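Going left to right, the sequence shown walks through residues 538 to 1512 as the working numbering numbers them.
Even for Gly, the Cβ is constructed at its ideal location relative to N, Cα and C.
As the structure is a computational prediction, the values presented were derived from the model and not from experiment.
Each remark here refers to the structure printed beneath this line.
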Amino acid sequence: MTKKKSNNKGGTNSTTTTTTTTTTTVSGSLFGDIPGDFDQQANSNSSTSNNTNSNNQFNQNSSIYKSKLARLSRNIPPISLFRESTKKIIASKFETSKGFKERVQIFKEYWDILLENRSTNLDTIINSTTGALLLQYVNVSNIFNWEQTSKGYKNKGNELFQKKQYHDALLLYSEALRLYNSEKIKDPQILSSIYSNRCLCLVNLEKYDQGAIEATRGIECGAANHLIHKLLYRRGICYFSLKRFKLAKKDFEQAHKLVSKMDSSDLQSIETYLEKISKMNLTKEEGNGNDRSSSTPTSTSYPSLVDSRVEFKYQSESTGRMAEAKEDIESNTILFQETAYVSCIDKYFHTSHCHYCFKEILAPIYCTNCNFAQYCGDSCLHLDLKSFHEPECNKGFLNVCSSETLLVLRLLRKKTLEQLVNNNNNNNNNNDNDGNGKPNETYIPLPKSILENVDNSTSSSKDKKKKKSSITEEEQEGDEGDREMDTEYIMDKIIRANESTEAKLMKSAAYRPDNSFISTFNSHFADHSPSKLVMIMIDAFVLERFLNQYYKEFGIPSKDYFTIETLVTHLCQLSSYVYSIPVFITAPVETSKDDLSHIYGGLTRYYPVKIAYAIFPMASLLNHSCDNNTMLQYNGRSITIKSLKDIEKGAEITACYGPYSFHSGLRERLISLKEEYFFTCRCNACSAKAGPNPLLCPNVQEKCSGTLLESINTNRLFSNLANKELTRGERLASSTNPTINGIGTPTGGGFNHLNNSPDSLFEDYENRNFSCNKCGVELSCNETNLLTSKALMADSLFEIATKSLIEGDKSKDVGSMLFRCLEVRLAIYQLNSRKVGEVYDALARYYIAKEKYKEAVVYAEKAVNNIYIRMDHSHSTDLAREWAKLANIYINAGEPNKAIKAIDAAEILLSKWKTEPGDDEILVTIRNHKKVLEASKVIPGTNKVEINLSKLCSQPDFDSNTFLHKMISYHQKKF
């Protein structure tokens, strides 16, 4: 089971025009090729890894970082052992041989030839320290024109700081800190000034929690008085901004004592802050605890916890193990909480995220031994040393090997540690095994204990007795033919159905999965493609050579623990059972042709990118469904899985491995799952041949309202897939489907993904078999050709029109193309299809661009209704973001009451189901807009609004300073 992708459809902010104010939200070696391509790649990766929100993007205008970031990112190119032509030759020989030993022997012949020619180079890398490899990489990549010392980087950072390039300066200061750790002669004043400067950058970036931590580090390293007062002053600013006023007052007072003895420009500012605090009535006790709280790991340290109503079973040889509900389970119930068994960070995020908890960090600390591994704080550093880093430290090879290789190494070390503790290989009471004392593929682990009350979020008796409500069930009782329901009716249903946003946590069973359980995962060795097996063999043989040198340092008792068979088995398992942990980054509009969010002038759109990999053993027991009933949320090295819908007693609890019927068609899902997970999906959605774009029955004479369903011969489809004889449409499904989830994929994420990318840009129905589910009519070859022609015409019109919108064209021709596209698609697809919905959305954006908000409301409502009906439930942040966009349009259309109701719907869904950083930003924005609306009234006879600023600013938690700042900025741009 699985790496899975998460939903990443963006929302928008709103812009409110009023009479009084306006709110605006806001290679000469074994390394891969270094010159040219890698320089570009490194810049791209570093930019990606540091773009998780709009406040921490690198300055794209910095010429220094366009040419030098490859060096600063410390992303050494991976090892390149075999030419592509050699890999293809080996893969072709694998095709004619099926047995494991035979394939190993074939590969070993080429491996021996490689060692004859390049063993010295390979062994040099295996035996190199991290510092030596970095130095070698620097020598063949970039040369800097400043002193390569901590002082040199600090001074260069000062230059960028003066230019207000705070992110760039922060990167140089962090590099200065890393170099300082490796210098023999250390000047404490240099160290404290680095901390002080990093703190000042963080203050300017409004990262006050990290700034306070950084100032504390500077104070503790023994700075001189002239730096101590600056550090106290800057930490006081951070505490003040975090509303920790008592701690701020203490720092300001200490800084005042020091600065009063010297001539400093900070004196007046410090006195101003003290005066502000003195006027406050600090009656409530505020948090004066450890100011390094944010440096602790974000992952909660708990065992694998599973709701006690979840029962694991072995179903059959074809299906394997499964999870079933022993009792009825309500939606929004926490079913799984699990910490990663093993994990590792992706190499391209080495410099932007903590190597243990995977939290993004702007001011890291480093392992002082290797000066490479970085962490968000001392706690993560010590935990990683204890878990994995201590034997790995300063071994350069582990920084250039694949992520799969590192995970297998950590699996072997974990196995060794477990055996040391338990003195046997089976400590899970394995009652179901293969007769040799080892668990097999039918093995179900037993819980170690039952936890009655895990935390305070356990549902109350009122919640338990509350009658189940399901919007979907209520709708089914109504008129199924009424496919365009009233928008306000839908909003009311959503609000009623999601009254309680707090997740329910019931009695839980605690599991401790071990390596013997991991060994029961199916390797699917015979199912892997020959080309994939070649890459697995390379990793296995390289890792074996590394372990021959270092296995004792990792506590591995003997070489019998890492035979080629063992290594290949683990690497094959990772192909299907590893999870990609995502981070959500911003992407410029030009990188996504379908992104028109700038027309709304709204919220940043987020895209998932894998930053780390992990194995979650208990969660991996969930089988796939293209219409799953659970959703996944990541928290560093931990995951939480919640019920997405009400789950009845006896129903299977399912996850989504990537392909989701809401976004991917049947053919695309079948191909993706077969390629990646080696099974033919027979879930309810696939059995019903469900997809995002149901086709209308063309039987006009009988006025049939049925849907055309495709009949797919899976044996022929998979045979064509194996023989690379796919049709044009099948090739599109295989090559562009966004849900392919191998460890090297560009994206990863959670179960309930709502992918933005279509399964293919242009639909192709030629040579496919369709029949109506009502009247039974079948399409002829000519009819499928005609259907393809119409679909292609509509797709072309849509692409040209949306591209024009992105480029700022809002002429009548753009609108005409969209209306013609809508006309054609309504004649082909059912009203609830995505193809129709995306035209509604584009038309809403078109009218917004023309500032015709009344017309935009009509099509925006249709777009939201389309998603709601197609999704078949309301438990989605995707839908919530659409309500947020609709609220924005209502505001501009002068309909504040509808806007408030739309905000209520968006707020309740985001609070309950949020999955990415952008959701928190949307919540803050729409809550502020609601407060503005509640303090406003429409001026009769106009579309203008009058805001009661006194009422508005007196509301709790309303950021009046930001509101007024944005109001002024808006009017400056407007007038």
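In angstroms, rounded to a whole number, what distance separates the CA positions of residue i and residue j?
| i | j | result |
| --- | --- | --- |
| Asn1429 | Lys1372 | 27 angstroms |
| Leu1470 | Ala1381 | 22 angstroms |
| Gly1281 | Glu1205 | Its pLDDT being 29, under 50, Gly1281 is placed unreliably by the model, and nothing is read from it. |
| Ser656 | Arg1418 | 55 angstroms |
| Tyr1214 | Ser1113 | 6 angstroms |
| Gly1202 | Ala1227 | 7 angstroms |
| Leu1316 | Gln1367 | 17 angstroms |
| Ser986 | Val1115 | 26 angstroms |
| Cys1318 | Thr1217 | 27 angstroms |
| Arg858 | Phe849 | 7 angstroms |
| Lys638 | Lys1422 | 58 angstroms |
| Ser1209 | Tyr1194 | 10 angstroms |
| Asp1183 | Asn869 | 8 angstroms |
| Asp865 | Arg640 | 49 angstroms |
| Asn592 | Gln702 | Summary for Asn592: the model assigns pLDDT 33, below 50, so the residue's position carries little reliability; its value from the coordinates is reported in the next sentence. Each residue's alpha carbon lies about 12 angstroms from the other. |
| Asn664 | Glu1081 | 14 angstroms |
| Phe698 | His704 | 9 angstroms |
| Cys891 | Cys1223 | 40 angstroms |
| Ile1249 | Arg1219 | 12 angstroms |
Can the beta-carbon of residue i be found closer than 8 angstroms to that of residue j?
| i | j | result |
| --- | --- | --- |
| Gly933 | Ile616 | no |
| Tyr1383 | Gly1431 | no |
| Pro1154 | Phe1199 | no |
| Ser841 | Tyr1048 | yes |
| Ser1473 | Ile1459 | no |
| Asn860 | Leu1159 | Going by the sequence as given, residue 860 is Ala instead of Asn. Cβ distance < 8 angstroms, so Ala860 and Leu1159 count as in contact. |
| Pro982 | Phe1054 | yes |
| Gly644 | Met1072 | Residue identity differs from the one stated: residue 644 is Phe in this sequence, not Gly. No, they are not a contact pair. |
| Glu875 | Lys1041 | no |
| Thr1339 | Ala1379 | yes |
| Thr666 | Tyr647 | no |
| Lys1211 | Leu1169 | no |
| Lys1186 | Thr1167 | no |
| Pro1067 | Ala628 | yes |
Flag residue i as yes if its beta-carbon sits less than 8 angstroms from any beta-carbon of chain C, otherwise no.
| i | result |
| --- | --- |
| Lys1311 | Going by chain labels, chain C is absent from the structure shown, which holds only one protein chain. |
Given that a residue counts as buried once 16 or more other Cβ atoms are within 10 Å of its Cβ, and exposed if not, what is residue i?
| i | result |
| --- | --- |
| Asn1402 | buried |
| Val1237 | exposed |
| Leu672 | exposed |
| Leu872 | buried |
| Glu978 | exposed |
| Leu957 | exposed |
| Asn1465 | buried |
| Trp1450 | buried |
| Glu1398 | buried |
How is residue i classed by DSSP in three states: helix, strand or coil?
| i | result |
| --- | --- |
| Thr1217 | coil |
| Lys1474 | strand |
| Thr633 | coil |
| Asn1319 | helix |
| Asp1378 | helix |
| Glu646 | helix |
| Met1043 | coil |
| Phe909 | coil |
| Ile1172 | A quick correction: the sequence has Asn, not Ile, at residue 1172. Asn1172: strand per DSSP, three-state reduction. |
| Val1314 | coil |
| Asp803 | helix |
Within the present structure, is the beta-carbon of residue i separated from the nearest heavy atom of the ligand FAD by less than 7 angstroms?
| i | result |
| --- | --- |
| Ser1201 | As far as ligands go, the structure on display features none, and thus does not contain the ligand FAD. |
Sufficient close CB pairs (3 or more, under 8 angstroms) joining the stretch 1402-1412 to the stretch 1356-1375: The way I'd put it, the stretch 1402-1412 does touch the stretch 1356-1375; three or more beta-carbon pairs between them come closer than 8 angstroms.
Stretch-stretch touch, CB-based, cutoff 8 angstroms, three pairs: the stretch 1143-1154 with the stretch 1112-1120: Counting C-beta pairs closer than 8 angstroms gives three or more between the stretch 1143-1154 and the stretch 1112-1120, which meets the contact rule.
Cβ pair count under 8 angstroms reaching 3, the stretch 939-957 against the stretch 877-895: Contact holds: three or more Cβ-Cβ distances are below 8 angstroms.
At least three beta-carbon pairs within less than 8 angstroms, the stretch 728-744 to the stretch 906-925: No: the two stretches stay apart, fewer than three of their Cβ pairs being nearer than 8 angstroms.
Cβ contact check for the stretch 758-769 and the stretch 923-932: 3 or more pairs under 8 angstroms: Contact between the stretch 758-769 and the stretch 923-932 is absent, because fewer than three Cβ pairs lie under 8 angstroms.
At least 3 beta-carbon pairs within less than 8 angstroms: the stretch 690-710 vs the stretch 726-736: Because the criterion of three Cβ pairs below 8 angstroms is met, the stretch 690-710 and the stretch 726-736 touch.
Sufficient close CB pairs (3 or more, under 8 angstroms) joining the stretch 1304-1314 to the stretch 1338-1354: They do not touch, by the three-pair rule.
contact_flag[the stretch 883-897, the stretch 1179-1191] where n(CB pairs < 8 angstroms) is 3 or more: Taking 8 angstroms as the limit for Cβ pairs, the verdict is that the stretch 1179-1191 does not touch the stretch 883-897.
The stretch 776-792 / the stretch 753-761 touching (three or more Cβ pairs under 8 angstroms): No, they do not touch.
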